[in-house]
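**Q** Numbering (my numbering), first residue to last: 863 to 1099.
Quick reminder that beta carbons are idealized off the backbone N, C-alpha and C, glycines included.
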Ligand SMILES: C[S@@+](CC[C@H](N)C(=O)[O-])C[C@H]1O[C@@H](n2cnc3c(N)ncnc32)[C@H](O)[C@@H]1O
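(1) Answer yes or no: do residue 900 and residue 1014 have a C-beta to C-beta separation smaller than 7 angstroms?
(2) Using 8 angstroms as the threshold, is the region 960-974 in touch with the region 936-945, meaning 3 or more CB pairs across them?
(3) If residue 1112 and residue 1080 are in contact, beta carbons under 8 angstroms, what's the gap, nearest whole angstrom?
(4) Once the 5 residues before and after residue 1091 are set aside, which same chain residues still bring their CB inside 6 angstroms of it?
(5) Judging by CA-CA distance, which residue of 1054, 879, 1084 and 941 is the nearest neighbour of residue 1068?
(6) Can you tell which of 984, 895, 948 and 1033 has its C-alpha closest to the C-alpha of residue 969?
(7) Quick check for students: name the residue ranges of the alpha helix (DSSP H) that lie wholly in the region 1041-1068, counting only runs of 4 or more.
(8) Would you say the beta carbon of residue 946 comes nearer than 6 angstroms to a heavy atom of ligand 1?
(9) How is residue 1097 classed by DSSP in three states: helix, strand or coil?
(10) Work out the CA separation of residue 904 and residue 953 for me, nearest whole Å.
(11) What runs of the beta strand (DSSP E), each 3 residues or longer, lie entirely inside the region 889-958?
(12) Given this structure, state the Cα-to-Cα distance separating residue 863 from residue 1045, to the nearest angstrom.
(13) Check this for me: beta carbons of residue 1054 and residue 1095, under 7 angstroms apart or not?
(14) Taking 7 angstroms as the threshold (C-beta atoms), are residue 940 and residue 895 in contact?
(15) Would you say the beta carbon of residue 993 is closer than 6 angstroms to some non-hydrogen atom of ligand 1?
(16) Alpha carbon to alpha carbon, how far is residue 1008 from residue 1026?
(17) Would DSSP call residue 1007 helix, strand or coil?
(18) Is it buried or exposed for residue 921, if we count other Cβ within 10 angstroms and need 16 for buried?
(19) At a threshold of 6 angstroms, does residue 885 count as lining ligand 1 (C-beta to nearest heavy atom)?
(20) In whole angstroms, what is the alpha-carbon distance linking residue 1074 and residue 971?
(21) When DSSP labels each residue in this structure, what does residue 982 get in the three-state scheme?
(22) Which of helix, strand or coil does DSSP assign to residue 1014?
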């Protein structure tokens, strides 16, 4: 396990074990032979994927990020590319899966918006740090096919993780409403915890003064999350 964790900027080994959220991504990517890790950071996931036998390309947005990543991934067979989102993948042999992890919902949506540039439809393995509902809405509105969805908890934080493919059209086709929020996670062991958290967030927001339309929207969402939370708590008792 430790051997899979790479080296730091000075070439010294990183000895901490791989994070649980990255291990889950490694397992989800196991069926795929060619994988692009977009926004690879220190390349910890890329390294794990390469060790499992995949052909891996790791990207970073800036020259500085790429220089650091190259250092982290020195002496591995992983190809490092520079550029924004999916841009650097264009023109390469198609990837079976594109992973994006450790980013917020705005960046993830920005990158997913570039998907038609690829000219083919890979699986996207997505793990969002913040803004899981925004990503759910994005996927729902585009009728993305969700192959799997699960939560991963690490250091008090819950990461939503999806494996999806998109239909051929890149136009938003859905008309999202608050109904069915995150329904793809409803059987997850962490579902009741997420429902409780989302309920609390909305109760706090409603305690502030808000424009009427926003108040109504939050109230509607609160009803949903409270209902789900009650159901999930009943299921567990
Ligand atoms: C917090 S790190 C996560 C690294 C790794 N994916 C992980 O999950 O541990 C986010 C990385 O995404 C990169 N990034 C942010 N926006 C990007 C974009 N538009 N295209 C490519 N990389 C991006 C950042 O430079 C940063 O290294």
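**A** By the coordinates alone:
(1) no
(2) no
(3) The structure shown does not extend to residue 1112, since the chain is modelled only from 863 to 1099, so the question has no answer here.
(4) 1057, 1058 and 1061
(5) 1084
(6) 948
(7) 1053-1068
(8) yes
(9) helix
(10) 24 angstroms
(11) 896-900, 917-922 and 941-944
(12) Low local confidence applies: a pLDDT of 33 at residue 863 is under 50, so the model's placement there is unreliable, and no value is given.
(13) yes
(14) no
(15) no
(16) 5 angstroms
(17) strand
(18) buried
(19) no
(20) 28 angstroms
(21) coil
(22) strand
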